[in-house]
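For this note's numbering, add 251 to where a residue sits in the sequence shown, where the first one is 1. Each residue gets a CB set at the ideal place from its N, CA and C atoms; glycine is no exception. None of these values were measured; they are calculated from a predicted model.
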Amino acid sequence: MNPGDCKNKTCNHYETYLQILRAELVPALGCTEPIAIAYAAAVARRVLGEMPKRIIAACSSNIIKNVKSVIVPTTGDLRGIEASAILGAVAGRADRELEVLSCVQPEDVEQTRRLLESGMCKTELLRSDSCLHIRITAESEAHTAMVEIRDEHTRIIRVERDSEPLYTAQPDEQKDCADYQSLNVADIYAFARTVQIEEVQEILDRQITYNLKIAEEGLAHCYGASVGVTLLKSYGDDIKNVARAFPAAGSDARMSGCEMPVVINSGSGNQGMTASLPVIVYGEDMKVSKEILIRALVVSNLVTIHLKSGIGTLSAYCGAISAGCGAGAGITYLYGGRFKEIAHTIVNALAINSGVVCDGAKASCAAKIASAVEAGLLGLQMQKNGKQFYGGDGLVEKGVENTIRNIGELAKKGMRETDKTIIQIMTR
């Protein structure tokens with residue numbers, strides 16, 4: 252098969268899959284939920300034309316859940332919606348989107364602390380059918396500005412100044428209209444085998460560089476609960492343990508406010524690290540060529556996006572589980588696995604760990620990441636030894652796409668009440 256075959260015949264969705272990778276694998280500084288709030292506040296200040304005297308941050312319950320416990324990057328120790336919104340208004344660079352806080356200076360943090368203590372920002376619950384919904388209202392003495400984000404972390408759907416609409420998004424203006432429904436494991440495998448490397452190398456080289464750096468930072472210093480460091484100290488440098496320790500260490504650092512960017516996947520830095528770092532360290536250990544590593548990362552990233560597209564950006568279902576399945580699929584590719592082996596790995600991994608709940612972004616995410624990678628690796632070892640779960644084993648149904656559909660239905664529909672209960676417990 253020639254490298255161009257997928258573009259011409261084998262993969263039915265070549266350009267779409269390229270578009271999805273370019274849209275999803277982007278840099279972000281800090282946990283993406285507080286960053287989305289900071290971004291909305293930075294845009295609101297720009298529209299207002301001056302530093303606001305008062306900010307109202309209305310957020311959906313899942314945003315409140317994910318922002319509550321994580322440290323806002325560049326602040327040292329500030330947490331929460333109010334800190335995110337104020338810092339975004341004080342020092343946010345709206346043109347940098349998910350790297351909106353990349354130019355924060357110490358004096359900006361001090362100003363944010365003073366304004367936070369003054370109570371200039373208030374949080375409200377935004378009742379919405381979208382899990383990811385933010386509405387920032389910034390007020391000065393004479394004017395108001397409102398910026399609304401929905402469904403994606405940087406997708407602004409409405410901007411107003413003094414109640415006059417300046418911008419309203421059309422319903423189909425989402426992720427550049429890429430057809431996420433076209434994702435399927437067979438075509439992902441075909442695309443990964445035959446994609447022109449130069450069309451994806453820059454994106455994936457950046458993912459390798461950024462995510463390795465923050466993982467190494469997490470292993471070198473004490474962040475959060477130091478899950479990554481604990482794994483290496485307790486279980487040694489066997490490659491299976493290193494594959495768990497690296498993304499866990501990256502999460503240790505990121506959840507504790509580390510100022511290094513990561514390349515995200517499906518709107519999440521934790522998912523971006525989980526989908527990529529195990530594949531990267533396995534590739535290095537196996538001494539595969541750079542081309543094989545790139546193709547394996549295509550598999551891991553697209554499988555993760557495929558799983559997450561049926562679940563939604565935020566839910567009660569831990570996103571690291573999907574990314575751990577993606578990592579297992581990517582490592583299977585490194586070992587020479589074809590569609591059948593990759594499909595069995597995904598089904599096995601989903602059967603092992605589905606049902607892990609998301610209770611917000613915080614230090615324990617690193618441990619969940621380690622568990623997700625372990626499930627992916629066990630799924631891989633099962634298929635290598637000719638073992639698999641079959642249709643009728645719980646949520647498993649014959650055919651990888653049917654099992655993926657079942658997991659999406661569980662996470663998106665079945666766990667709605669679970670999500671409400673988690674949020675009630677966390678916000679007592």
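- From ALA287 to MET397, what does the alpha carbon distance come to, in whole angstroms? Here the question's residue 287 lines up with position 36 in the sequence shown. Here the question's residue 397 lines up with position 146 in the sequence shown. Whole-angstrom Cα-Cα distance: 14 Å.
- Message: According to DSSP, is SER566 part of a helix, a strand, or is it coil?
- Response: Walking along the sequence shown from the start, residue 566 turns up at place 315. DSSP places SER566 in coil when its eight states are reduced to three.
- Item | Same chain, Cβ closer than 6 Å to ALA295, neighbours up to 5 away in sequence not counted | Residue 295 sits at position 44 when you count from the first residue of the sequence shown. So the list reads ILE387, ALA389, ALA396, VAL398, once near-sequence residues are dropped.
- Message: Do LEU455 and LEU548 count as a contact pair if the criterion is CB distance below 7 Å?
- Response: As a first step, residue 548 must be located in the sequence shown, where it is residue number 297. As a first step, residue 455 must be located in the sequence shown, where it is residue number 204. It is a contact, given that the beta carbons lie within the stated cut-off.
- Is the beta carbon of PHE640 less than 7 Å from the beta carbon of ALA437? Here residue 640 corresponds to residue number 389 of the sequence shown, with the count starting at 1. Here residue 437 corresponds to residue number 186 of the sequence shown, with the count starting at 1. Result no, Cβ atoms of PHE640 and ALA437 do not sit closer than 7 Å.
- Message: Measuring CB atoms only, is the stretch 553 to 570 touching the stretch 491 to 506, in the sense that at least three cross pairs come out at less than 8 Å?
- Response: no
- Item | Per-residue DSSP class, three states only, for LYS426 | If you number the sequence shown from 1, residue 426 lands on position 175. In this prediction, LYS426 has a pLDDT of 49, which is less than 50 and means its spatial position is unreliable; what the coordinates show is noted afterwards. Residue state, collapsed to three classes: helix.
- Message: Could you compute how far the alpha carbon of TYR265 sits from the alpha carbon of GLY327?
- Response: Stepping through the sequence shown from its first residue, residue 265 is reached at position 14. Stepping through the sequence shown from its first residue, residue 327 is reached at position 76. So the alpha carbons of these two residues sit roughly 43 Å apart.
- Message: Within 10 Å of its beta-carbon, does MET302 have 16 or more other beta-carbons around it, so buried, or fewer, so exposed?
- Response: Walking along the sequence shown from the start, residue 302 turns up at place 51. With fewer than 16 other Cβ atoms within 10 Å, it is exposed.
- Query: For ASP574 versus GLN632, is the C-beta distance shorter than 7 Å?
  - Reply: Position 323 of the sequence shown, counting from 1, holds the residue named residue 574. Position 381 of the sequence shown, counting from 1, holds the residue named residue 632. Just to set this straight, residue 574 is Ala in the shown sequence, not Asp. No.
- Residue-level contact to chain D via CB, ASP413, 7 Å cutoff: Absent from the structure: chain D. Only one protein chain is present.
- What is the rounded straight-line gap between the Cα of GLY479 and the Cα of SER622? For the purposes of this step, residue 479 is identified with residue 228 of the sequence shown, where counting begins at 1. For the purposes of this step, residue 622 is identified with residue 371 of the sequence shown, where counting begins at 1. One C-alpha to the other measures close to 12 Å.
- Item | Which listed residue (LEU463, THR481, THR596, ILE439) has its alpha carbon closest to that of THR267 | Counting from 1 along the sequence shown, the entry for residue 267 is found at position 16. Of LEU463, THR481, THR596, ILE439, the residue nearest in Cα terms is ILE439.
- Task: Counting only runs of 3+ residues fully inside the stretch 366 to 454, write out the beta strand (DSSP E) ranges in chain order.
- Result: 372 to 376, 384 to 390, 395 to 401, 407 to 412, 415 to 419
- Query: Do you know how far the Cα of ALA662 is from the Cα of ARG412?
  - Reply: By one-based count along the sequence shown, residue 412 stands at place 161. By one-based count along the sequence shown, residue 662 stands at place 411. Going by the C-alpha atoms only, they are around 38 Å apart.
- Query: Is GLN204 buried or exposed, if buried means 16 or more other CB atoms sit within 10 Å of its CB?
  - Reply: Nothing about residue 204 can be reported from this structure: the residues present for the chain run from 252 to 679 only.
- Quick one, which of ALA612, CYS569, HIS595, ILE593 has its alpha-carbon nearest PRO605's? Sequence index remark: in the sequence shown, residue 605 carries index 354 (1-based). As written in the sequence, residue 605 is Ser, which differs from the Pro given in the question. Ranking ALA612, CYS569, HIS595, ILE593 by Cα distance to SER605 puts CYS569 first.
- How is the alpha helix (DSSP H) around CYS616 delimited, first residue to last? Numbered from its first residue, the sequence shown carries residue 616 at position 365. Taken as a continuous stretch (DSSP letters only), the alpha helix (DSSP H) holding CYS616 covers 616 to 635.
- Query: Over what stretch of residues does the alpha helix (DSSP H) that includes LEU528 continue unbroken?
  - Reply: Position 277 of the sequence shown, counted from the first residue, corresponds to residue 528. Residues 520 to 537.
- Query: Looking only at C-alpha atoms, which of ILE597, ALA618, THR325 sits nearest to GLN356?
  - Reply: Taking the first residue of the sequence shown as 1, we reach residue 356 at position 105. Of the listed residues, the one whose Cα sits closest to GLN356 is THR325.
- Query: If you run the structure through DSSP and keep just helix, strand and coil, what is ILE515?
  - Reply: Locating residue 515 in the sequence shown gives position 264, counting from the first residue. Three-state result, ILE515: coil.
- Message: Taking the beta strand (DSSP E) that PRO498 belongs to, which residues open and close that run?
- Response: Along the sequence shown, one-based indexing puts residue 498 at 247. Premise fails: PRO498 lies in the alpha helix (DSSP H), 490 to 506, not in any beta strand (DSSP E).
- Item | the stretch 525 to 541 contacting the stretch 414 to 422, beta-carbon criterion three pairs below 8 Å | no
- Task: For ASP670, count neighbouring C-beta atoms within 10 Å of its own C-beta (all shown protein chains included) and say buried if the count is 16 or more, exposed if not.
- Result: Sequence index remark: in the sequence shown, residue 670 carries index 419 (1-based). Buried is the call here.
- Sequence-distant residues of its chain with Cβ nearer than 6 Å to TYR431 (five each side left out): Sequence index remark: in the sequence shown, residue 431 carries index 180 (1-based). Closer than 6 Å at the Cβ level, and outside the excluded window around TYR431, lie SER560.
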